Amino acid sequence: GIFRKNGITPTVGDRVRIGFSPEGQATIDEILPRINIFQRPPVANVETMVLVVAAKDPKPNYYLVDLFAVTAELTGADVMLCINKMDLAEEMVRRDVIQIYGDVYPLHFVSGKTGEGMEDLKRALQGTQAALAGPSGVGKSTLLNVLMEGEKNPTGTISDKTTRGRHTTRHTELFTGKGMKLFDTPGFTSYDLGAMEEEELAPCFPEIQALNGSCRFQDCRHVSEPDCAVLAAVEEGRIHPSRYHSYKEMLKIIGAQEKY
């Protein structure tokens, strides 16, 4: 009642202060300040966003990875990239991911099926409240089961006709144990640039943000301006062309949205 009146809805992941009624019934007295809040799915206080992609079946879509990463960066969550199904992978996938993201985000090459890399991933998630995000079929539920060392959810199979996974997570939960807290949610399978402003995009690319203030013009969009530090970094190979392509594509989308 009191929360609804104040426009606050208790959400999975909230940290709360508990009280007790005279009858001994527990009640939520206060929702503590949130570090972030997501609407779709409704979860709060995501400290680490683990972006999961498959090395194969379905093959990696790096533009989609970058869209997820921007969504996470906007909320202030730490970003980690997890490449699953390494048991199916060709070595070029590992090489490509390292070239594109090696200087940007922590990388974990794993196989939920064979256990490859899972111990390192568990160590990286110790003490954090994390969400697994990524397109359907990349093995998020399988990874969650392995991380929590138990069958927490039914896992899906890939549809032969579409090579997309069948969604198996129907509702949002927060699993705790093994020194970590992990969201399992059906909703982190899409991205939304929403009502972003153009100037909000560059800070969501850490390698571009690192050059903030280095361009000749303070309001540089890093597209075609003279003496642009970002363009120079792309030319010199310090920013991967794939990442810069994603930045430009997203800038176009945001620019088109701002016109309407």
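Using the numbering used here, read the sequence shown as starting at 1 and increasing by one per residue. C-beta: ideal position from N, C-alpha, C; glycine also. Small disclaimer: the values here were computed from a predicted structure and weren't measured.
My output table needs one value for residue i: the three-state DSSP class, helix, strand or coil.
{"i": "His240", "result": "coil"}
{"i": "Arg17", "result": "strand"}
{"i": "Thr48", "result": "strand"}
{"i": "Gln257", "result": "helix"}
{"i": "Lys252", "result": "helix"}
{"i": "Cys261", "result": "Since the first and last residues shown for the chain are 1 and 260, residue 261 lies out of range."}
{"i": "Ala210", "result": "coil"}
{"i": "Met180", "result": "strand"}
{"i": "Val223", "result": "coil"}
{"i": "Leu144", "result": "helix"}
{"i": "Leu88", "result": "helix"}
{"i": "Ser159", "result": "In this prediction, Ser159 has a pLDDT of 33, which is less than 50 and means its spatial position is unreliable; what the coordinates show is noted afterwards. Three-state DSSP puts Ser159 in coil, outside helix and strand."}
{"i": "Gly7", "result": "coil"}
{"i": "Glu23", "result": "coil"}
{"i": "Ala195", "result": "coil"}
{"i": "Pro58", "result": "coil"}
{"i": "Asp103", "result": "coil"}
Please name the residue, chosen from the options, that lies closest to residue i on a Cα-to-Cα basis.
{"i": "Asn61", "options": "Glu200, Ala233, Pro135 and Asn145", "result": "Pro135"}
{"i": "Cys197", "options": "His108, Leu74 and Glu173", "result": "Sequence inspection shows Glu at residue 197; the Cys mentioned does not correspond to that position. Out of His108, Leu74 and Glu173, Leu74 has the C-alpha closest to the C-alpha of Glu197."}
{"i": "Ala54", "options": "Ile31, Lys85, Thr48 and Lys248", "result": "Lys85"}
{"i": "Phe175", "options": "Leu32, Val43, Thr27 and Phe20", "result": "Val43"}
{"i": "Val50", "options": "His171, Thr27 and Leu182", "result": "Leu182"}
{"i": "Pro186", "options": "Glu207, Val12, Pro33 and Glu199", "result": "Val12"}
{"i": "Tyr63", "options": "Met250, Gln209 and Gly179", "result": "Met250"}
{"i": "Val16", "options": "Glu23, Pro22 and Ile8", "result": "Ile8"}
{"i": "Asp57", "options": "Val46, Asp87, Ala233 and Ile31", "result": "Asp87"}
{"i": "Ser214", "options": "Cys228, Ala202, Phe205 and Glu207", "result": "Cys228"}
Could you check whether the Cβ of residue i sits closer than 9 Å to any Cβ belonging to chain E?
{"i": "Leu64", "result": "Among the protein chains of the structure shown there is no chain E, as only one such chain exists."}
Any idea which residues DSSP pairs residue i with across the strands?
{"i": "Val12", "result": "Val43"}
{"i": "Phe109", "result": "Ile83"}
{"i": "Val53", "result": "Ile83"}
{"i": "Leu132", "result": "Val50"}
{"i": "Phe188", "result": "For Phe188, which the question treats as bridged, DSSP gives no partner whatsoever."}
{"i": "Phe175", "result": "Leu182"}
Can you name the start and end residues of the alpha helix (DSSP H) that residue i belongs to?
{"i": "Lys122", "result": "Met118 to Ala124"}
{"i": "Ala69", "result": "Tyr62 to Thr75"}
{"i": "Ile35", "result": "Neither: Ile35 is in no alpha helix (DSSP H) and is coded neither H nor E."}
{"i": "Leu231", "result": "Ala229 to Glu235"}
Quick one: give me the first and last residue of the beta strand (DSSP E) that residue i is part of.
{"i": "Ile31", "result": "Ala26 to Ile31"}
**Message:** Pairs of beta-carbons, one from the region 127-141 and one from the region 91-100, closer than 8 Å: are there three or more?
**Reply:** no
**Asked** Okay, do the region 54-70 and the region 24-40 touch, 3+ Cβ pairs below 8 Å being the bar?
**Response** no
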